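Quick notes on the structure that follows.
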Amino acid sequence: MKKTYLFLILLAGFNSFAQKISSTEKKIIEHIKTNATQTEKLLEQVVNINSGTLNHEGVRQVGKIFSKEFEEMGFTTEWVSLPDSLNRAGHLVAYRTGKKGKKLFLIGHLDTVFEKSMSFTPFTRLNDSIATGQGVNDMKGGDVMIIAALKALQAQKLLDDTSITIYFTGDEESSGKPTSISRKDFIDRAKQSDIALAYETAVSFNIAATARRGSSGWELTTTGKTGHSSGLFSQNMGYGAIYEAARILDEFREALSSEKYLTFNPGVISGGTEVSYDPALAKGEAIGKTNIIAQKVIVQGDLRFISEMQKENARNKMREIVARHLNGTSAEIKFSDGIPAMEPTQANADLLKVLNQVSLDLNMGEVKAGDPGSRGAGDISYIAQYVPCLDGLGASGKGAHAPGEIINLKEFPGLTQRTALLIYRLTQ
Numbered sequence: 021m022k023k024t025y026l027f028l029i030l031l032a033g034f035n036s037f038a039q040k041i042s043s044t045e046k047k048i049i050e051h052i053k054t055n056a057t058q059t060e061k062l063l064e065q066v067v068n069i070n071s072g073t074l075n076h077e078g079v080r081q082v083g084k085i086f087s088k089e090f091e092e093m094g095f096t097t098e099w100v101s102l103p104d105s106l107n108r109a110g111h112l113v114a115y116r117t118g119k120k121g122k123k124l125f126l127i128g129h130l131d132t133v134f135e136k137s138m139s140f141t142p143f144t145r146l147n148d149s150i151a152t153g154q155g156v157n158d159m160k161g162g163d164v165m166i167i168a169a170l171k172a173l174q175a176q177k178l179l180d181d182t183s184i185t186i187y188f189t190g191d192e193e194s195s196g197k198p199t200s201i202s203r204k205d206f207i208d209r210a211k212q213s214d215i216a217l218a219y220e221t222a223v224s225f226n227i228a229a230t231a232r233r234g235s236s237g238w239e240l241t242t243t244g245k246t247g248h249s250s251g252l253f254s255q256n257m258g259y260g261a262i263y264e265a266a267r268i269l270d271e272f273r274e275a276l277s278s279e280k281y282l283t284f285n286p287g288v289i290s291g292g293t294e295v296s297y298d299p300a301l302a303k304g305e306a307i308g309k310t311n312i313i314a315q316k317v318i319v320q321g322d323l324r325f326i327s328e329m330q331k332e333n334a335r336n337k338m339r340e341i342v343a344r345h346l347n348g349t350s351a352e353i354k355f356s357d358g359i360p361a362m363e364p365t366q367a368n369a370d371l372l373k374v375l376n377q378v379s380l381d382l383n384m385g386e387v388k389a390g391d392p393g394s395r396g397a398g399d400i401s402y403i404a405q406y407v408p409c410l411d412g413l414g415a416s417g418k419g420a421h422a423p424g425e426i427i428n429l430k431e432f433p434g435l436t437q438r439t440a441l442l443i444y445r446l447t448q
């Protein structure tokens, strides 16, 4: 009985201290601290290259810089080209194979929302804590974080015999269509991994994403009888296309707007006697007069959801609403798939526990799951159905997708240390 009791005490003690920072992990942390200036210089170098999604040359240039970094660490690199019809630069892949630990799939992207035609903002330190620059946190900060963490591991020869694939897409901000082509290689490689970690902007230091909403599109078209406005509401002329569109949109709001994590935004509406919409230019045109009943309306919108079931249920309800018509009108709705949801799963929650333990061991505080409604869709969502995932592990900052985007440089080293130890523990 005493032996059993003693064993339980020893076991409890082992569990309490087994995951504290080891001497090897201390060396990893020290490497990151020592090389902080070099890491920032790499970040400055890539931020100062415009790599808007449609600037193929800039995307490839950033890819070449990162490729060199990976090759110096012993990774094999590839450039995945896409068909000319997609008008996208392609993707950078770096990988190494081994038998130790979990097979990891690390996700970043080379492109930004800032195209070459826009005013350029270079990397600029605003003070000792903050720097600004195009894509500095979304997501060149996250890309550089991955490289800095891997360098710290490589310095201790901890990448030997591990299986790690790094996939930096060149069109995350505006993926090439169809995504069945632009994301095929991405998905195929992810399926060969055990865990996926994505380094999109951190919402905050102690928040990670175990779920992200998906995004899809819809187009509503309504038609009505046209003629002199004095006939509006009559049995013969009916209500016209604009009132039918208004009815449908308001019923969408009444029926579905209270459902958690579901949104359906009518982003563009054009109505009149002659109407057109060009999706390539995101531009609608309408011709009409106040004394003529509108003959046609086109509405373009997006639909965001936390699961495929929620998406399909919402679509079915929207179809039911569209099928009911005001007098003298007709309507139809078409749906288009976009990015699937990264659904909340137990496997994702269990992976968060590992990250949380790393953070606690580093005395950096608890890491909790973020609100899925606070994030848009991302590349990780394409593979979430195949492997356990975490996202939002990248650099912290504010103002992504807008002039004046900033990175928190004081939090950057800590986030890098945390990801280095996470990768280390998962691969050993």
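All you need for the numbering used here is the position in the sequence shown, starting with 1, plus 20. Ideal Cβ positions, reconstructed from N, Cα and C, are used throughout, including at glycine. Please read all numbers here as calculations on a predicted model, not as lab measurements.
Figure out for me which residue from the options has the closest Cα to the Cα of residue i.
i: L106; options: L130, G196 and D205; result: G196
i: S327; options: S183, P433 and E279; result: E279
i: V156; options: S149, V67, S202 and T199; result: V67
i: T132; options: A231, T447, A422 and A175; result: A422
i: T293; options: S277, A314 and F95; result: A314
i: D533; options: G390, S250, S213 and P198; result: Residue coverage of the chain in this structure runs from 21 to 448, which leaves residue 533 outside it and unanswerable.
i: F95; options: A114, D158 and Q154; result: A114
i: Q448; options: D180, E60 and I49; result: D180
i: E92; options: N383, G110, L102 and A175; result: A175
i: G424; options: A222, Q154 and S200; result: Q154
Just the Cα atoms here: how many angstroms apart are residue i and residue j?
i: F188; j: N285; result: 30 Å
i: H248; j: K309; result: 10 Å
i: K119; j: I427; result: 36 Å
i: Y281; j: R233; result: 7 Å
i: L178; j: K136; result: 39 Å
i: L31; j: K40; result: Any answer about L31 is weak, because its pLDDT of 38 lies below 50 and its placement is not dependable; what the coordinates show is given next. Cα to Cα, the separation comes out at about 15 Å.
i: F34; j: D411; result: The predicted model places F34 with a pLDDT of 33, which falls under 50 and marks its position as unreliable; any figure quoted below should be read in that light. Their Cα atoms are separated by approximately 31 Å.
i: R445; j: A216; result: 14 Å
i: F432; j: A415; result: 6 Å
i: F134; j: R80; result: 15 Å
i: G287; j: A172; result: 46 Å
i: R457; j: L130; result: This structure leaves residue 457 out entirely; the chain is present only between 21 and 448.
i: A169; j: T439; result: 7 Å
i: K388; j: L372; result: 8 Å
i: S36; j: Q377; result: A caution first: S36 carries a pLDDT of 39, below 50, which makes its placement in the model unreliable, though a value can still be read off. The alpha-carbon atoms of S36 and Q377 are separated by roughly 11 Å.
i: A300; j: A56; result: 43 Å
i: F125; j: A369; result: 17 Å
i: P408; j: T152; result: 33 Å
i: I359; j: I400; result: 9 Å
i: N256; j: N347; result: 9 Å
i: V295; j: G304; result: 8 Å
i: G78; j: A210; result: 26 Å
i: L442; j: W99; result: 27 Å
i: V82; j: L146; result: 24 Å
i: V405; j: S213; result: Correcting the residue identity first, residue 405 is Gln in this sequence and not Val. Cα-Cα distance, rounded: 12 Å.
i: G385; j: R324; result: 32 Å
i: L380; j: G417; result: 22 Å
i: K47; j: K122; result: 22 Å
i: A302; j: N383; result: 48 Å
To which residues does DSSP link residue i through a beta bridge?
i: L441; result: According to DSSP, L441 bridges with nothing at all.
i: I359; result: S235
i: G417; result: I427
i: V317; result: T242 and G291
i: H129; result: T189
i: D411; result: A229
i: A114; result: T97 and I186
i: L217; result: L126 and L410
i: R449; result: Residue coverage of the chain in this structure runs from 21 to 448, which leaves residue 449 outside it and unanswerable.
i: I307; result: E294
i: K120; result: T182
i: A422; result: Its beta-bridge partners do not exist; DSSP assigns none.
For a quick check, are the C-beta atoms of residue i and residue j less than 8 Å apart?
i: F140; j: N70; result: yes
i: T73; j: E220; result: no
i: T243; j: K316; result: yes
i: I186; j: T436; result: no
i: I85; j: G128; result: no
i: A229; j: R395; result: yes
i: L239; j: I318; result: Note that residue 239 is Glu in the sequence shown, not Leu. In this structure, I318 lies closer than 8 Å to E239 by Cβ.
i: L429; j: S149; result: yes
i: S202; j: D322; result: no
i: L63; j: V164; result: yes
i: R116; j: T182; result: yes
i: E363; j: A231; result: yes
i: A265; j: G237; result: no
i: V342; j: I268; result: yes
So with Cβ pairs under 8 Å, would you call residue i a contact of chain D?
i: D104; result: No chain D appears in this structure, which consists of one protein chain only.
Could you tell me which whole alpha helix (DSSP H) segments of length 4 or greater appear in the stretch 232 to 305? Every alpha helix (DSSP H) stretch that sits fully inside the stretch 232 to 305 and reaches 4 residues is listed by chain position as 260 to 276.
Secondary structure, alpha helix (DSSP H): runs of 4+ residues fully inside the stretch 141 to 198: 160 to 175
I'd like the ranges of any alpha helix (DSSP H) spanning at least 4 consecutive residues and lying wholly in the stretch 343 to 404. 366 to 381
Enumerate, from N- to C-terminal direction, the unbroken beta strand (DSSP E) stretches of 3 or more residues contained entirely within the stretch 39 to 70. none
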